[in-house]
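Sequential numbering of the sequence shown, starting at 1, is according to UniProt numbering. Notes to accompany the following structure.
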Amino acid sequence: MWYFKYSPEILFPYGPMKFSGLPGLIIKITDDKGDFDFELVKSVSDTQLKGKLVNIKKGRYTDAIETTQPKLKQAQRNSAANAAAVLASYGTTIIEGQEMLRQREKAREKAREENKKYANPLELEN
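Structure follows, in structure tokens:
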């Protein structure tokens, strides 16, 4: 289980690594086992950044669609599986290579499953 501290005064739903989505900047994350502990150690005002600001489009956080990690992963898999349909929607037709594409996707999926054995626990789905 993860424990979060966030700042609702800073309206960015971001945090370290894969953590995001809270109604404010995540400033501390710990797990119940004590294996992981992330904490914001420094914050500087924009005047100290001297032109090094990162612009974040308002649509990235106001027009966002709320989802879950499993739904996001499924949407990514669907997108990859429907690459030909996406290309067709742009007027591109693939005549040859469909079987080769299917074989490559099967090989990628097999590799993903194999790599899960060696995955960082932070990268595993909950």
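Note that beta-carbon positions come from the ideal geometry of N, C-alpha and C, so glycine has one too.
Spatial distance of residue i from residue j (CA atoms)
i       : j       : result
Lys-110 : Ala-119 : 14 angstroms
Lys-18  : Phe-36  : 13 angstroms
Gln-98  : Leu-40  : 48 angstroms
Residues near residue i in its chain [Cβ-Cβ closer than 6 angstroms; skip 5 each side]
i      : result
Asp-31 : Trp-2
Pro-16 : Phe-38
Gly-21 : Pro-13
Residues near residue i by beta carbon distance below 8 angstroms, same chain, minus five either side
i       : result
Ala-75  : Thr-67
Glu-105 : Ala-80, Ala-81
Ile-10  : Gly-24, Leu-25
Segment limits, alpha helix (DSSP H) that includes residue i
i           : result
residue 129 : Beyond the ends of the chain as shown, which are 1 and 126, falls residue 129; an answer cannot be given.
Asp-32      : Premise fails: Asp-32 is in no alpha helix (DSSP H) and is neither H nor E.
Thr-47      : 46-49
Pro-121     : Run containing Pro-121: none; DSSP gives neither H nor E here.
Lys-42      : Where Lys-42 is concerned, there is no enclosing alpha helix (DSSP H), given that its DSSP letter is neither H nor E.
Ser-20      : Taken as a continuous stretch (DSSP letters only), Ser-20 belongs to no alpha helix (DSSP H), as it is neither H nor E.
Extent of the continuous beta strand (DSSP E) to which residue i belongs
i      : result
Asp-37 : 37-39
Lys-5  : 2-7
Does the pairing of the stretch 24-31 with the stretch 1-14 give three or more beta-carbon distances under 8 angstroms?
-> Touching, yes.
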